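Have a look at the structure below, then the notes.
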Amino acid sequence: MHRSVWGILPGALPLLTLMVMLGPVLLGLWWTLAPALGLLSEGLSLGPLRAALAWPGLREASLLSVTTGIGSTVIALAITALILAGWSGTRAFAVLQRLLSPLLALPHAAAAFGLAFLIAPSGWIARSLSPGVTGWDRPPDLLILQDPWGLTLIAGLVTKEVPFLLLMALAALPQTAPGRSRNVATALGYGRVTGFLKTVFPRLYVQIRLPVYVTLAYAMSTVDVAIILGPNTPPTLSVQIVRWMSDPDIGTRDLAAVAALLQLALVIAAILAWRLAERGVAFLGRRWIESGRRGSAEGAGRVAGYALGALSALALVAGIAGLAVWSVAGLWSFPSALPDGLTWRSWQRHGPPGLEAMGTTLAIAAIATAVALVLAIGCLETEERRGVRPSRAMWLLYLPLLVPQTAFLPGVQIGLLSAGLDTGFGPVVVAHLVFVLPYVFLSLAGPYRAWDARYSTVAATLGAASGRVLWRVRLPMLTRACLTAVAVGMAVSVGQYLPTLLAGGGRVATLTTEAVALASGGDRRAIGVWAILQTGAAFLPFALALGLPALLFRNRRGMQDG
Amino acid sequence: MRLAILASLLPVAAYAQPDPADWDAVLDEARGQTVYWHAWGGSTTTNDFIAWAGERIDEEYGVTLEHVKLTDTADAVTRVLTERQAGEDEDGAVDLIWINGANFASMKEEGLLFGPFAFDLPNWQYVDVNGKTVTTDFTVPTEGYEAPWAMAQVVFMHDTADLAEPLGSMEAILDWATSNPGRFTYPQPPDFLGTTFLKQALIDLSEDPSVLAVPVMESDYDAVTAPLWAFLDELTPHLWREGRAYPQTGPRQLQLMNDDEIDLAISFSPGEASTAIANFELPETVRTFVLDKGTIGNASFVAIPYNSGSKAGAMVLANFLMSPEAQLRAQDPEILGYGTVLDMAALSEEDRSAFDSLALGIATLSPAELGQVQDEPHPSWATALADDWQERYGTR
Amino acid sequence: MDRSLNLIAVTIRRAGATLLSVDCEIAPGEVLSVMGPSGSGKSTLLSFVTGTLAPAFDVDGSVLLHGEDITRLPAHCRRIGLLFQDALLFPHMSVGQNLAFGLAPGPERRRDRRARIEAALAEVGLEGFAERDPATLSGGQRARVALMRMLLSEPCALLLDEPFSGLDAERRNQIRRLVFDRARARSLPVLMVTHDAEDAAAAGGRVLRIGGEDCG
């Protein structure tokens, strides 16, 4: 009786989860690539591969993908580590955390648009300094956006990656008992930053390693951010793939499919290189730890981390504020810092359809996230009860995040169509689940596995069956981690563009499909309205994730950490 | 009762081939259908117009219109192609596509379109078949596989605050750009409008533009395009950002003009500037001009995929878009500012006077001022020029 | 009735290597101290008795409680109480809820259950603590709550895993006496794992040394 459901399911659930995740990716890859390589008909044809390799921009586009991807991830990780090292547990940290967490929910495209308007030569910063400070009565011809080295793209990615990594780290942090380590390190004469980097960070990194890889893969294959902020002569490889996909010449779709394979290879290579670098850094790190040095740039590191974190948060907030102003702007030309007049016209136009889309968006997000949460908890609990160590197979869960979407989504569409399953709400939920589940798993697995299993032993010896332990002890103690996972899952769902478009056959209109469609037109007022609605949809779960535990456990000091 | 159930079980057999010649039957069949119109969703004004059209055909014919907002027309083409690959031949996701040029040529060649239907639509009688290029699309005969709903012609928008006088030729544009570096750019090919700029420049620079009417394969490409590349080599260093970055779309280019980053921009809609001014998307000082030798003109069409499940409804919509009522609204610069496809002489007195009394809009040229309409080159030129451009300027 | 805890020919192996072998009987009210260096498998032995041993271990032998073979029973059916070095009070529950968690669900009313909880708190000098947040208690108070929580679940035997090493010297004596007294009062067989000779001495019972030496 104690085994009831789990007695039947334990083997099946992780398997089911893996199938939900892997099936679409593998089938999608096959269905995308097989026709392109002629594997279904006349036999292997290397024409598209040759054409892709012969494209003159290939070298530079690939290089851009690698440099912007690795560059932004390194910087974002460094900022995250410095913020945690210098400030975790302080009031200033709480402020920054409150500021950054909801920004995770900000859809990438909206964030990029906000940022673009902020820093462009005709952007908000230039406007507020002109003509007074700068003397510009018209914008200077400066290549800030879309610079050929991708620096703006890196900056844009960093601002979005820091909140993600920080949130992932925060979810894992309590399990590394940072307070205790900090006290010990301080007692041994280590400064805050050095102490953290030497005692807590190595353990923390192990727990957030996968999110870091996901960040890297995402940064290398992002399309929307790269189109808005990245260089275009040539663009990054992923942008070029999308261009090929939308070329009127139907033959170039094969080229796109093959190039997507190249993109996949690049991502894999970058992750392997990163893994090697981890070892190198770990080696150097150990020597640093053993050296016993107390660190000299203590203050500088602390300030730099906070300043950069705050700067990226402020940039995002200011960008969104800019979009908000645009949503009510009448005529607004350079160099006016504010619009000449305000009008509700954009909201009257886009508000009603926006609210309708918001309903659909939240419904899809809620269902996909709920299913993902059940599957993730099921897998983790099974793993726990069978006493197995985290299975290596579970790595495969992250495949949908590591494989570029362009490489397998077109194939998924063919698969859905062949099965007669496409178009509509259901397939969209399933397609979202493929991307939501890894993130939910990712944010839940660390805290779940690191949970002190002695609580479970104690509860069992008190006569609680495993179900009661799960519901009464484990899940309540992991409330914060679960809610964080839900918030992340919903934000991911809200931001999905390509899966919604392809699985919905264009018939399911979410905030993101509508916003991205409008973004292609560049009407800042419309983008402003939709981006703000979109941010609201993703923000709501985050507000709950932050607020609910604080409310539920307001009288439980033991639940406040982290 | 029983029959109704049977009928509902056999929708495919019943609706396989609605014949537009039997218009009453089409109307009957269309009632209650939902038409998914895949159309670019990047323009608020166009979206509003489409929403209005939806309300009207719902009132009038009981047809529901859902606007599927695309970022790129090719997404819809890909969708239909994918559906055929997967064997979805009867009720695809796309019922109507806003299309022209290369996308149309591709779909027609691949047999992905339903038709011919356009010439049998009741409102075809008002269409200006002789005066406007509505039966060929980039030189490819439409053969009734798509129905026109708006006319477009290349114009240049200039901010008179910085560039007072129209420029009559590509040479003049080059001269002006050289003395005003950084104030001109065009959308990056293969963007539709960017490629149009290349074609326009090529036509204006060539001695004999008629060679562009035949496919690239049948002409001396290098010789024909040499003047264009010479022109661009000279122009590029004087472009906005010295040609190291380009706006990705037409509307992005418009935004640059609104931000006063550029003073000159290409547009494929004579009324766009006026509409944009009314929507605060361009400064009030913007005006338009055409080149002395004329500019390229074409039509926007709608086509029905072979596997649409609501072909009757789609035809009702296509027909409605050609109605004097819809055309009048589309041409209103406060609404859309698109040129009409109709022949004024074919209209009733009432309709004609309604068109006549339409204000042109502050920055819109009159039909006479728009001058000579040049034909689009064969679609293969667009592809070839865009590819070549990317190699020369897009991958540096 | 036999109310002792019997470990009969218990041998625990991991990856083929024998970790420990034990064969002993603990009488009601008796404390058996198991001592050994860290890594000798003391805690593994406890996991085996509580039924939470990881599958990576191979075990021969059986556990008898009150003469009944409980080797194959799941942990929550064994009626074996356990105290760790940390009190491990559930941080999301109040002190009273923690105690209620251990209280076997019975026919009695809510009010009666509450009364039992109050009585249990009073027994260890914590009257009126039911609504308190466990995180606000001192180490000694927490240890006492953990003890009463365990006792309310009415175990038939008691396992102690380094139970007093987290406490300062003064508290340690106090809590130690409290635990042993309660166990004796309820005639519970007690198996204590410790590396602290003082604990073993205070327990006053037999001492079993594992890790190299054979057991008695």
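Residue numbers (our numbering), protein chains in the order written: chain A, 3 to 564; chain B, 866 to 1261; chain C, 12 to 227.
In this text, a Cβ means the ideal position worked out from N, Cα and C, and glycines have one as well.
These numbers were taken from a predicted model, which means no experiment stands behind them.
Around the beta carbon of T217/A, 16 or more other beta carbons lie within 10 angstroms, which makes this residue buried.
Relative to A212/C, the option among L199/C, F191/C, L31/C whose CA is nearest is F191/C.
With fewer than 16 other beta carbons inside 10 angstroms of its own, T29/C counts as exposed. Residue pairing by DSSP puts A1012/B in a beta bridge opposite V1167/B. Listed as beta-bridge partners of W1094/B by DSSP are no residues whatsoever. According to the DSSP secondary-structure assignment, E79/C is paired through a beta bridge with L76/C. Taking the CA atoms as reference points, L100/C sits about 28 angstroms from R93/A.
In the three-state reduction of the DSSP assignment, A1224/B falls in the coil class. At a cut-off of 7 angstroms between beta carbons, H206/C makes no contact with chain A.
The beta-carbon separation of V959/B and A941/B, rounded to 5 angstroms, stays under the 8 angstroms limit for a contact. Proximity of V1167/B to chain A, defined by a Cβ-Cβ separation below 7 angstroms, is not satisfied. Of all residues in the stretch 75 to 95 of chain C, the ones placed with a Cβ closer than 9 angstroms to any Cβ belonging to chain A are P85, A86, H87, C88, R89, R90, I91, G92, L93, L94, F95, in chain order.
Selection A111/A, S445/A, G307/A evaluated against A173/A yields S445/A as nearest (Cα-Cα).
Pairwise C-beta distances place the stretch 1158 to 1172 of chain B in contact with the stretch 964 to 975 of chain B, as three or more of them are shorter than 8 angstroms. DSSP places S32/C within a strand segment (E or B) once states are collapsed to three.
Using a Cβ-Cβ cut-off of 7 angstroms, N557/A is close to D144 of chain C, given in chain order. If you draw a straight line from the Cα of V22/A to the Cα of V471/A, it is about 28 angstroms long. In this structure the stretch 986 to 1005 of chain B does not lie against the stretch 1103 to 1122 of chain B, because fewer than three pairs of beta carbons, one per stretch, are closer than 8 angstroms. Taking a Cβ-Cβ cut-off of 7 angstroms, the neighbours of F336/A in chain B comprise D1124, D1125, given in sequence order.
One finds T463, L464, G465 in chain A with Cβ atoms closer than 8 angstroms to the Cβ of S164/C, taken in chain order. Across the set I156/A, S240/A, L17/A, the C-alpha of S240/A shows the shortest separation from the C-alpha of A63/A.
Across the set L144/A, T154/A, A275/A, P204/A, the C-alpha of L144/A shows the shortest separation from the C-alpha of L1121/B. At a cut-off of 7 angstroms between C-beta atoms, P141/A counts as an interface residue with respect to chain B. Not one beta carbon of chain A lies nearer than 7 angstroms to the beta carbon of P200/C. Taking P236/A as the centre and dropping the five residues before and after it, the same chain places the C-beta of G59, E62, A63, Q242 closer than 7 angstroms to its C-beta, in chain order.
Bounds of the beta strand (DSSP E) holding W905/B are 899 to 905. Rounded to whole angstroms, the Cβ separation of A258/A and W246/A is 4 angstroms, and the two are in contact under 8 angstroms. A straight line joining the alpha-carbon of R127/C with that of E181/C spans about 29 angstroms.
Chain A has a Cβ within less than 7 angstroms of the Cβ of P102/C. Contact between V518/A and P406/A is ruled out by a C-beta separation of about 17 angstroms, above the 8 angstroms threshold.
In the structure shown, the three-state DSSP call for G113/C is helix.
The beta carbons of S458/A and A367/A sit no closer together than 7 angstroms.
Put simply, of M1209/B, V945/B, I1200/B, D1024/B the residue whose alpha carbon is nearest the alpha carbon of M972/B is V945/B. Closest in alpha carbon position to Y991/B, among T1060/B, E1146/B, L1186/B, is L1186/B. Following the DSSP letters along the chain, one finds I146/A in no beta strand (DSSP E), marked with neither H nor E. A direct Cα-to-Cα measurement between Q185/C and N109/C gives close to 22 angstroms.
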